[in-house]
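Number of protein chains: 4
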Amino acid sequence: MCASHAPDDAAAPESQHGYLSEKEKYLARVRRIEGQARGIHRMIAEDTYCIDVLTQISAVTSALEHLALGLLDDHLKHCVTHAIASGGKEAEEKIREASAAIQRLVKS
Amino acid sequence: MCASHAPDDAAAPESQHGYLSEKEKYLARVRRIEGQARGIHRMIAEDTYCIDVLTQISAVTSALEHLALGLLDDHLKHCVTHAIASGGKEAEEKIREASAAIQRLVKS
Amino acid sequence: MCASHAPDDAAAPESQHGYLSEKEKYLARVRRIEGQARGIHRMIAEDTYCIDVLTQISAVTSALEHLALGLLDDHLKHCVTHAIASGGKEAEEKIREASAAIQRLVKS
Amino acid sequence: MCASHAPDDAAAPESQHGYLSEKEKYLARVRRIEGQARGIHRMIAEDTYCIDVLTQISAVTSALEHLALGLLDDHLKHCVTHAIASGGKEAEEKIREASAAIQRLVKS
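Chains as they are written, first to last, in my numbering: chain A, 1146 to 1253; chain B, 1146 to 1253; chain C, 1146 to 1253; chain D, 1146 to 1253.
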């Protein structure tokens, strides 16, 4: 229900060609990250100089961080906000869950 | 010459089947990372719950960090050590380069 | 109004001696961090071996991260939750602000 | 012997007034960090808004990271370089030690 894309993606069927939903934006970013990961593979396979491989790894790590921060921001805006607005136990659970995810991001 | 794998990989042609050189170890790790990146793609495409996508992203970031620390350690042990043992300008350049790579890792 | 300690600290005047509120817990942690920072000063002043200074710096950084994650969790549970429950513009602003703080933590 | 300041600090007694050695630079930085840590204390004691405390914490974390990267760079340039130039077991030990310190920095 409260998934990795904005829940109103399906709400406008006519606009599905040519508009860039949040989900498409995230998929484009993750495709670029997959390409960068294949780049690391190729570099190691071709015995590229270590420092250049490290530079590529730092680029992928930054891209993943940027992706995670975007997803987390959307999560706070949508899922957590809905849960709090509805009140009750689920709100507490959502915040506990978000805090744990933030901790993993900060530590990773 | 001082590439992402230990330079003595080619030194033992008979042992190429069945032994796990450092290069193979790194390639295996990066293949796993590529699989994890495809996992993030699939999760977003299938509207997986954000928190689960974030957990996967943190796992990939940790795996990349681990890969980078391994490469850097090998780099210090081989390229930087050789450059310093040879002396001269190249040693300084290697250390400057390694420090810059460490900075990118710490910041990313 | 929505400050760094739980807002109900003042609610129980009789219990002010001898109980350990969240604020006291944070103050105790930050006092320890101040002591650790003075420790770094002393180590550098006394020409302590670099690696030992670096170990101390990593310890302070981890302690600051732990402090920040605790404050952020409380902030989500109290200030952000209250703002969302009240609804309107302030909720959006609180989430935007929290996301920016999370980004600074992840990057720093 | 290979301490947190450049080992040639003592080499120029006449220049000790008015010049800014590396050690003085590091001491100045750590004094600023101690002041920032006291700032966090004061902010929490005065119930400053959480987000502002988090901003201060991120600033201290960045300053500590910057300090650590400077010390590590000097360590590679001096202690590690001397050990490698001298050769033998100590060089290996110095690199193992530096790699472990880098890992703690990246993870913290």
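Think of the CB as a built atom: it goes at the ideal place given N, C-alpha and C, for glycine as much as any other residue.
Pair within 7 angstroms by beta-carbon distance, residue i and residue j
{"i": "Arg-1249(A)", "j": "Ser-1253(B)", "result": "no"}
{"i": "Ile-1229(B)", "j": "Ile-1240(D)", "result": "no"}
{"i": "Ile-1185(B)", "j": "Gln-1201(B)", "result": "yes"}
{"i": "Ile-1247(C)", "j": "Ile-1178(A)", "result": "no"}
{"i": "Leu-1216(A)", "j": "Val-1198(B)", "result": "yes"}
{"i": "Ala-1182(A)", "j": "Ala-1182(B)", "result": "yes"}
{"i": "Val-1175(D)", "j": "Val-1251(B)", "result": "no"}
Coarse secondary structure for residue i, derived from DSSP in three states
{"i": "Ser-1253(D)", "result": "coil"}
{"i": "Ala-1151(B)", "result": "A caution first: Ala-1151(B) carries a pLDDT of 46, below 50, which makes its placement in the model unreliable, though a value can still be read off. Ala-1151(B): coil per DSSP, three-state reduction."}
{"i": "Ser-1231(A)", "result": "helix"}
{"i": "Ser-1166(A)", "result": "coil"}
{"i": "Pro-1158(C)", "result": "Here Pro-1158(C) scores only 43 on pLDDT, less than 50, and its place in the model should not be relied on; the value that follows carries that caveat. Pro-1158(C): helix per DSSP, three-state reduction."}
{"i": "Ala-1245(B)", "result": "helix"}
{"i": "Glu-1237(A)", "result": "helix"}
Requested in this report: Could you tell me whether the stretch 1178-1195 of chain D touches the stretch 1211-1227 of chain C, where touching means 3 or more Cβ pairs closer than 8 angstroms?
Outcome: yes
Query - Stretch pair the stretch 1207-1219 of chain A + the stretch 1206-1216 of chain C: three plus CB contacts closer than 8 angstroms - result: no
Requested in this report: Scan the stretch 1208-1231 of chain C for residues whose Cβ lies nearer than 8 angstroms to a Cβ of chain D and list them as they occur along the chain.
Outcome: Leu-1209, Glu-1210, Leu-1212, Ala-1213, Leu-1216, Leu-1217, Asp-1219, His-1220, Cys-1224
**Report entry** Start-end ranges of the alpha helix (DSSP H) lying completely within the stretch 1172-1221 of chain B, minimum 4 residues
**Finding:** 1195-1220
Report task. Name, going along the chain, the residues of the stretch 1242-1253 of chain C whose beta-carbon falls closer than 8 angstroms to a beta-carbon of chain A. Result -> Ala-1243, Ser-1244, Ile-1247, Gln-1248, Leu-1250, Val-1251, Lys-1252
Requested in this report: Could you run through the stretch 1165-1189 of chain D and flag, in chain order, every residue whose CB is less than 7 angstroms away from some CB of chain B?
Outcome: none
Requested in this report: Identify each residue in the stretch 1190-1205 of chain C for which the Cβ-Cβ distance to at least one residue of chain A is less than 9 angstroms, and report them in chain order.
Outcome: none
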